[in-house]
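Chains as they are written, first to last, in the working numbering: chain A, 3 to 320; chain B, 6 to 343; chain C, 7 to 348. Glycine is no exception: its CB is placed at the ideal position from the N, C-alpha and C atoms. Just so it is clear, the structure is predicted and the values come from calculations on it, not from any experiment. Report on the structure given below.
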Amino acid sequence: MIQYIVRRILQTIPVLIGVSILVFSMMHLVPGDPAQIMAGESAPQEQVDNLRERLGLNDPLPVQYFTYVSNVVQGDLGNSIRSGRDVGDEIGSRFWVTVELAFYSTILAVFIGIIAGVISATKRNSFADTGIMIVALFGLSMPNFWLGLMLIQWFAIGMDLPSWIPFLENTSWFKPSGWGSFSQIVLPVITLGTGSAAIIARMTRSSMLDVIGQDYIRTARAKGVKERIVIYRHALKNALIPVVTVVGLQFGGLLGGAVLTETVFAINGMGRLVIDSISARDFPVVQGTILVTALLFVFVNLLVDIAYKFLNKRIDLD
Amino acid sequence: MDKQKELLNVKNLKQYFPIKGGFFGRTVNHVKAVDDVSFTVYEGETLSIVGESGCGKSTTGRAILRLDEPTSGSVEFDGTDLLSLNKKEMNQMRKNLQIIFQDPYASINPRHTVRQILTEAMEIQNVWPKEQRNDKVIELLETVGLGAHQADRLPHEFSGGQRQRIGIARALSVNPKLIIADEAVSALDVSIQAQVLNLLKKLQREFKLTYLFISHDLGVVRHISDRIIVMYLGKIVEIGDKKSLFENPKHPYTKSLLSAIPSTDVDKKKERIILKGDVPSPIDPPKGCRFHTRCPFATELCRTEAPELRSTDENNLDHQAACHHMEKFEAESLQPMA
Amino acid sequence: MGKPNSYENILEIKNLQTSFFTKDLELKAVDGVSFTIPKQKTLGVVGESGSGKSITSLSILRLIEEPGKIVGGEILFKGENLLKKKESEMRNIRGNEISMIFQEPMTSLNPTLTIGEQIGESFRIHQGLSKKEALKKSVEMLELVGIPSPKKRVKQYPYELSGGMRQRVMIAIALACNPNLLIADEPTTALDVTIQAQILDLIKNLQEQLGMGVLLITHDLGVVAESCDVVAVMYCGQVVEYADVKTLFKEPKHPYTIGLMKSIPPHDQDIEGDLEVIKGAVPSPAEMPTGCRFAPRCPFATELCKTKMPELQTDENGNQIRCWMHTDEWDGVKDREVTVHG
Chain A
3 MIQYIVRRIL QTIPVLIGVS ILVFSMMHLV PGDPAQIMAG ESAPQEQVDN
53 LRERLGLNDP LPVQYFTYVS NVVQGDLGNS IRSGRDVGDE IGSRFWVTVE
103 LAFYSTILAV FIGIIAGVIS ATKRNSFADT GIMIVALFGL SMPNFWLGLM
153 LIQWFAIGMD LPSWIPFLEN TSWFKPSGWG SFSQIVLPVI TLGTGSAAII
203 ARMTRSSMLD VIGQDYIRTA RAKGVKERIV IYRHALKNAL IPVVTVVGLQ
253 FGGLLGGAVL TETVFAINGM GRLVIDSISA RDFPVVQGTI LVTALLFVFV
303 NLLVDIAYKF LNKRIDLD
Chain B
6 MDKQKELLNV KNLKQYFPIK GGFFGRTVNH VKAVDDVSFT VYEGETLSIV
56 GESGCGKSTT GRAILRLDEP TSGSVEFDGT DLLSLNKKEM NQMRKNLQII
106 FQDPYASINP RHTVRQILTE AMEIQNVWPK EQRNDKVIEL LETVGLGAHQ
156 ADRLPHEFSG GQRQRIGIAR ALSVNPKLII ADEAVSALDV SIQAQVLNLL
206 KKLQREFKLT YLFISHDLGV VRHISDRIIV MYLGKIVEIG DKKSLFENPK
256 HPYTKSLLSA IPSTDVDKKK ERIILKGDVP SPIDPPKGCR FHTRCPFATE
306 LCRTEAPELR STDENNLDHQ AACHHMEKFE AESLQPMA
Chain C
7 MGKPNSYENI LEIKNLQTSF FTKDLELKAV DGVSFTIPKQ KTLGVVGESG
57 SGKSITSLSI LRLIEEPGKI VGGEILFKGE NLLKKKESEM RNIRGNEISM
107 IFQEPMTSLN PTLTIGEQIG ESFRIHQGLS KKEALKKSVE MLELVGIPSP
157 KKRVKQYPYE LSGGMRQRVM IAIALACNPN LLIADEPTTA LDVTIQAQIL
207 DLIKNLQEQL GMGVLLITHD LGVVAESCDV VAVMYCGQVV EYADVKTLFK
257 EPKHPYTIGL MKSIPPHDQD IEGDLEVIKG AVPSPAEMPT GCRFAPRCPF
307 ATELCKTKMP ELQTDENGNQ IRCWMHTDEW DGVKDREVTV HG
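In structure tokens:
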């Protein structure tokens, strides 16, 4: 197990190198002179030359790359063009906001997705199954910014309900923007988690159906095990093995999806930082955010692989 | 018996499958599936290879056809060394060597009709002029006991036994000299198995075929073979003609294998040698005689020195076994260890 | 519980019918099967694929799943009809009084639970033992079924064991609660002969030790001859012949039984020429013949056989056969046929 983890960590090194090369080349793939862009359209030539010299843009590319990497390794992601602040500090607190958002959304998606998937599979072809699968299809096909706007419309701004409905004059229960309190968290988490919940529900259902047909489930029944225990002890653990991989990928997807959700709900996270920086052509910040997101993605997938390994002892064999 | 023509000559065949592992996926070890196997198949005979799972019998069949490239050794077919041929030459050569698998369904395209399957086989090897192929398809179907009206059906419309007949028809369609039957009747119900065995025998008479018949079922093997090879853990432990091998098995493994088969004779109480334990891993086979870990007669010699195939009977030099103690069994002076 | 041993047969199946339902068809997988297993004896059920032998065994434990259903008959276990039991009562019987082992040892064990957890589960469900006690008992069970170093094995997962070992584990699970009846559905079919010999030997020894009845389902007549006391031969969902093992193998009566025996090439003698075969193939369940189900393949079939289903006849020794040839009507039929053709 330890050997596997160490090997798996070592395997992330080439991925990290690849990511750093990509992020580094971004600067050079943008049309035009980076120094000119950074300095601004109207900056005098002298200032541009100075900037170019200061950024080391006159050095050969490999040298620039190594300078970049060694800076990054020491935690120096450069300075923001807009604010002049250290990029690390810029990302700092916003990083945790985005991670929280993605994390809560994943928890919600896993929780709802697995329960819905299990119900669907065990009550196959029933009314509940059909209902869950239709809802899942909706969840999957709704663009999340639209869902976000609708949720704000219904539950934050609030609908005026007919007065004969007791206690519910209107439905403005949650806050439409910001991050921190419970009433601020609920809507963005639902917005971001719905699509993943749908994917996980569908995945759990098909995986569960596959497992329920296996010989060892028949063995468990022939042992006199209660149906509920057959499902949760014997079937679910096996059915979750493929689901775990999907959850890991979903988490990565949610990091990307956070860009839209944060914009809709005016949350000050990394997603919004990226959008703002792109529109301001603040390359060091864009680079830094992408790098951090990529690192996070690699790290989460590492955790998923370890969890997978833990669930599925059989891959010890290879 | 006169010396017949040697059709297939396998010499020192080895098939090692690498096991990847460690930090960088290096080859850390090998599964020694077939380890130095030599034998000859004579024209017109049926030679069977029997043994339990993991003994290397199917791997041997696949290595001969180069379905997996063998690690080393030589396979000579009708005077040509198959291992020295390039891909194109080998594909042409496959016209002469065909294989029938246990599950014919897995080896035929489920979206092709029987006619397409058979015609395609003929096209690939370019046998029979184009305009004759259709007639040939019908003829083949009738030869294997199917009807002309079934030519345009899809494989899933046939039962297991019929599909195996299709597999046989496909093998026959290119006029092969040698057919390797890899557990060809193992998946069939006994009543169907008997029909297919009779068919194989009939075809052998009609087309002068040579069979290399791979099976785990000793009853089937006894019925169809002229000579038999018994394999254990990648090695040949015994080889001989049918009568001699079944009636006078030399190797303790062959003996225990024969004794382990349940008999339908309810009166005969036979002595059964129950082997202890499982077949060891072919990754790290036992030193000395590979059977010594399960052999009730194993001695120190067996644990250290690998026995060679040899004969104990001057009048029957073709019946050979790889055991240090055959003479003692014949003299009945060796008792099983407790 | 608590009832005196007022029954003679551990299991008695009467006219069992299990069908599978498609949109507009009822496929009768088991159609009027009756047989008995005397106390502490072994009944062999033989038949080819499609004979309904496995469905019969799953019906006994009421483990038939949708779209299948038991539609009629009685299953008397220790004199009580299992088909009248509540599901919760059935659960107390499964794995406790009646246990089952299956054909595929490779897939019949849960890959994510340890051997100890899987054996221990039986003790925990049926005897209410604690985790620790159950584990201790599991080690004892592994010892009983002859698995070396059982203390190490209980902590392992199925993938760490060979096929033969896994089948031993399945037997350990089945025998954990000292069942009165063990149903073994092709327990050795997936195993090599030398391992098969070990497993059959083990079942026989444990049967003697624990005094249980065994229902052994197999397609291998050799296995039946060596390990059963009575035999039921099934064809297309029906029992066609039921007899004690000696009678069946020495004087088989049903043309199907005879054909089956002749189809198998023996390993201990040479057959000159071709094997005798049963012509044709098992009919598909959707197109069952209306008369005797074996009639289309039977060399002796007459018009009567093709139109009317023969009943299961019982002789003075309790042996049964379902064939017109062994009824009084047969002579008349034959004479008539002869005159027709003559």
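Environment of residue i [buried if 16+ CB atoms lie within 10 Å]
i	result
residue 113(A)	exposed
residue 331(B)	buried
residue 318(A)	Legend: pLDDT at residue 318(A) = 47, less than 50; position of this residue unreliable, value from coordinates given subsequently. Classification of residue 318(A): exposed, given that the 10 Å Cβ count is below 16.
residue 343(B)	Model confidence at residue 343(B) stands at a pLDDT of 46, short of 50, so the residue's coordinates are unreliable and nothing is read from them.
residue 140(A)	exposed
residue 127(B)	buried
residue 7(C)	Because the pLDDT of residue 7(C) is 44, which lies under 50, any placement of that residue in the model is unreliable, and the question is left without a value.
residue 6(A)	exposed
residue 281(C)	buried
residue 6(B)	Low confidence applies to residue 6(B): its pLDDT is 46, below 50, so where it sits in the model is not reliable, and the reading given next is rough at best. Exposed is the call here.
residue 25(C)	buried
residue 182(C)	buried
residue 228(B)	buried
residue 176(A)	buried
residue 210(B)	exposed
residue 284(A)	buried
Beta-carbon neighbours of residue i, restricted to chain B and to distances below 7 Å
i	result
residue 178(C)	Going along chain B, no residue has its Cβ under 7 Å from residue 178(C), so there is no contact; the nearest lies around 17 Å.
residue 228(C)	266, 267, 268, 269
residue 54(C)	194, 195, 196
Residues sharing a beta bridge with residue i, DSSP
i	result
residue 54(C)	Note: residue 54(C) sits in no beta bridge, so no partner.
residue 249(C)	237(C)
residue 54(B)	219(B), 234(B)
residue 100(C)	104(C)
residue 23(B)	35(B)
residue 13(B)	46(B), 82(B)
residue 77(B)	19(B)
residue 220(C)	48(C), 188(C)
residue 42(C)	18(C)
residue 325(B)	244(B)
residue 75(C)	25(C)
residue 320(C)	326(C)
residue 337(C)	DSSP lists no partner for residue 337(C).
Chain-ordered chain A contacts of residue i [CB-CB under 9 Å]
i	result
residue 131(C)	225, 226, 227, 228, 231
Beta-carbon neighbours of residue i, restricted to chain C and to distances below 8 Å
i	result
residue 236(A)	116, 119
residue 177(A)	Residues of chain C passing the Cβ test: none, with the nearest at roughly 43 Å.
Candidates the options: closest to residue i by CA position
i	options	result
residue 110(C)	173(C), 97(C), 283(C), 228(C)	173(C)
residue 115(B)	100(B), 194(B), 168(B), 150(B)	168(B)
residue 40(B)	58(B), 65(B), 56(B), 53(B)	65(B)
residue 176(B)	132(B), 153(B), 196(B), 195(B)	132(B)
residue 49(C)	86(C), 316(C), 188(C)	188(C)
residue 110(A)	28(A), 92(A), 201(A), 178(A)	201(A)
residue 259(A)	118(A), 128(A), 69(A), 145(A)	145(A)
residue 23(B)	212(B), 237(B), 289(B)	289(B)
residue 76(A)	133(A), 90(A), 64(A)	90(A)
Within chain B, partners of residue i - CB distance below 8 Å
i	result
residue 255(C)	269, 270, 271
residue 267(C)	269
Contact set between residue i and chain C, taken where Cβ atoms lie within less than 9 Å
i	result
residue 209(B)	The contacting residues do not exist; residue 209(B) stays about 12 Å from chain C at best.
residue 242(B)	Here the premise fails: no neighbours, minimum Cβ distance about 13 Å.
Contact set between residue i and chain A, taken where Cβ atoms lie within less than 8 Å
i	result
residue 155(C)	Chain A residues near residue 155(C): none, gap ~19 Å exceeds 8 Å.
Interface residues of chain C facing residue i [CB-CB closer than 7 Å]
i	result
residue 152(B)	Going along chain C, no residue has its Cβ under 7 Å from residue 152(B), so there is no contact; the nearest lies around 13 Å.
Runs of alpha helix (DSSP H) lying entirely within the region 215-244 of chain B, each at least 4 residues, in chain order:
For the region 215-244 of chain B, the full-length alpha helix (DSSP H) segments reaching 4 residues or more read 223-229 along the chain.
Segments assigned alpha helix (DSSP H), at least 4 residues, entirely inside the region 46-125 of chain A:
As summarised for the region 46-125 of chain A, the continuous alpha helix (DSSP H) elements at least 4 residues long and confined to that stretch are 47-56, 63-75, 89-124, given in chain order.
Every unbroken alpha helix (DSSP H) inside the region 170-258 of chain A [4 residues or more]
184-214, 217-224
At 4 residues or longer, what runs of the alpha helix (DSSP H) sit wholly inside the region 246-321 of chain B?
247-252, 257-265, 305-309
Pick out the complete alpha helix (DSSP H) segments inside the region 122-160 of chain A, 4 residues or longer, and give them in chain order.
129-143, 146-153
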